[in-house]
Amino acid sequence: MTKKAWKVLTTKALIESPWLSVYSQRCALPNGKIIEDFYTVEQPHWAIILAQTVNDTWVLTEQYRHGVQKYLWEFPAGIIEQGEAPLKAAQRELLEETGYHSDKWHTKQVLPVNPDRQSGHFHVFYASQARRIQEAQLDDSEDIKTQEFSTAQLKKKMLNGEFIHPHHIAAWLLNQDSFTL
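Written as structure tokens, this is what we have:
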């Protein structure tokens, strides 16, 4: 194994938008071979917030995810705006989506969304002693239900297929002392 990066020879934009950009790249491999069309996706970074309340429950949101055409339970999460610090984005998203606030934040990890083709990363934060201080301030496109669940209830949702977002499950596992559900 050479551990050398591919050389991008040309890049052609196929789709460019604030949410998602798709490119076709012509790349030279370290062994000299050429890949004519390698497709990459650029997207903003985002934050996942594992918010544990003063009552030792977890704040979850339920919202429609059009990619799978289902309502899914997940942790509060959202886009990190251009120039915004990841922690500030996480704090903003928790408050906007759920109305919850915490003064105790811990950065757990930063992971690539899909290291094969995508540039975006997700930042995992743990917010302890969260409490509801206001109503959620949702965007026009958001229809989000917020509910608290015990650890046992959350694990049950993961095991019975009600909580299926893989990045959110990874975030949960990163916050555990052991990697067991």
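Counting in the working numbering, the sequence shown runs from 1061 upward without gaps. We put the CB at the ideal spot given by N, CA and C, even for glycine.
- For Pro1172, no alpha helix (DSSP H) segment is defined; the enclosing uninterrupted segment is the beta strand (DSSP E) at Lys1164 to Pro1172.
- Here Gly1138 is buried, its C-beta having at least 16 other C-beta atoms within 10 Å.
- The beta-carbon separation of Phe1182 and Leu1171, rounded to 6 Å, stays under the 8 Å limit for a contact.
- Inclusion of Arg1152 and Tyr1099 in the CB contact set at 9 Å is not warranted, their separation being larger than that value.
- Ser1188 has its alpha-carbon roughly 22 Å from the corresponding atom of His1225.
- Out of His1166, Leu1154 and Asp1199, the CA that lies nearest to the CA of Arg1191 is found in Leu1154.
- If you ignore the 5 residues before and after Ser1084, its C-beta comes within less than 7 Å of the C-beta of Lys1072, Leu1074, Asp1097 and Tyr1099, all in its own chain and listed in chain order.
- For the pair Val1101 and Leu1080, the CB atoms are nearer than the 9 Å cut-off.
- Along the region 1179-1240, the beta strand (DSSP E) occurs as fully enclosed runs of 3 or more residues at 1181-1192 and 1205-1209, listed in sequence order.
- C-alpha of Leu1234 to C-alpha of Gln1169: approximately 8 Å in a straight line.
- Residue state for Arg1152 is assigned as helix, using DSSP reduced to three classes.
- Cβ-Cβ separation between Ala1230 and Leu1110: approximately 11 Å, too far for a contact (criterion under 8 Å).
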